[in-house]
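One structure below.
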Amino acid sequence: MAYSAEQLSDLQCIRDAAMRYCRGVDRLDVELMKSAYWEGATDDHGVFVGDAWEFCEMCMEVHLPWRSTNHCILNHAIELIDAHTATGEVYNVTYLFQDAQPVLDLWVGRYLDKYGKRGDEWRIIERVCVHEGTHSATVNAMEFDTSNFRQGSFDRPSAGRQIGP
């Protein structure tokens, strides 16, 4: 299928919304996370089903036991329904590094999304999180000293740190 320039722009704007969600939850930046959803959007994450902005607020507390998280989105299939509506399926692998012990929690799943365009902006209207599998493993120290690297939690705004150096 050949896409118009506007359709290509729409696809990128939808991908950008998905990335804002991931970056927002990983950095514990509630406003960035909310910017992925339209006000009044819904999110079904299994343990939470309801208003997406309330879900974002909840995530700021729920993710505190991990010193850092990495929500990685992989395959992102998007279908443009019309000029203002699209659906998508996003594969997700999340790495969650526990703070209290050297354990890595791994979460694998998919996001089934409905997107809406208002003006020139695309955001999520509905999200359903599908669980595929989980795994936890002890993290062994690497064979070289990593203590001089900035660690994953150093730039979480909720920890009073600014993003960047």
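Mapping the sequence shown onto our numbering, position 58 (from 1) lands on 323, and the numbers just tick up by one. All C-beta atoms, glycine included, are put in the ideal place defined by N, C-alpha and C.
For residue i, is the classification buried or exposed, using 16 other Cβ atoms within 10 angstroms of its Cβ as the cut-off for buried?
i: T411; result: exposed
i: M298; result: buried
i: I346; result: exposed
i: T334; result: buried
i: T359; result: buried
i: N413; result: exposed
i: R383; result: exposed
i: A406; result: exposed
Which of the three DSSP states is assigned to residue i in this structure?
i: Q453; result: The structure shown has nothing for residue 453, since the chain only spans 266 to 430.
i: D410; result: coil
i: E292; result: The sequence shown places Arg at residue 292, not Glu. Correct three-state label for R292: coil.
i: S333; result: strand
i: S274; result: helix
i: A283; result: helix
i: V395; result: strand
i: A351; result: strand
i: A301; result: coil
i: A317; result: helix
i: G429; result: The predicted model places G429 with a pLDDT of 49, which falls under 50 and marks its position as unreliable, so this point remains unresolved.
i: V358; result: strand
Please go through the same chain and pick out, in chain order, the residues whose beta-carbon is closer than 6 Å to the beta-carbon of residue i, but skip the five residues on each side of it.
i: F320; result: D308, F313
i: C324; result: V290
i: A306; result: A317, I389, I390
Which same chain residues end up closer than 8 Å to residue i when comparing Cβ atoms and leaving out the 5 residues on each side of it in sequence?
i: Y286; result: M298, A301, Y302, H336, I389
i: P430; result: Because the pLDDT of P430 is 43, which lies under 50, any placement of that residue in the model is unreliable, and the number read from its coordinates should be weighed accordingly. So the list is empty, once near-sequence residues are dropped.
With distance defined between alpha-carbon atoms, name the residue in the options nearest to residue i.
i: T352; options: V327, M323, A406, W387; result: W387
i: T403; options: G381, V393, A365; result: A365
i: D294; options: L276, H328, E304; result: H328
i: I279; options: V355, P330, M266, S401; result: V355
i: A348; options: D378, D385, E408; result: D385
i: S401; options: L377, P367, M407, Y268; result: P367
Tell me whether the beta-carbon of residue i lies closer than 8 Å to the beta-carbon of residue j.
i: D370; j: T350; result: no
i: N357; j: I338; result: yes
i: A317; j: R392; result: yes
i: G374; j: V395; result: yes
i: W331; j: L361; result: yes
Give every residue of the same chain whose Cβ lies closer than 7 Å to the Cβ of residue i, excluding the five residues on either side of it in the sequence, and list them in chain order.
i: H310; result: F320, C394
Do residue i and the ligand MN come close, with the Cβ less than 7 Å from some heavy atom?
i: T403; result: Inclusion of the ligand MN in the displayed structure is not the case, the ligand content being empty and no account of it being possible.
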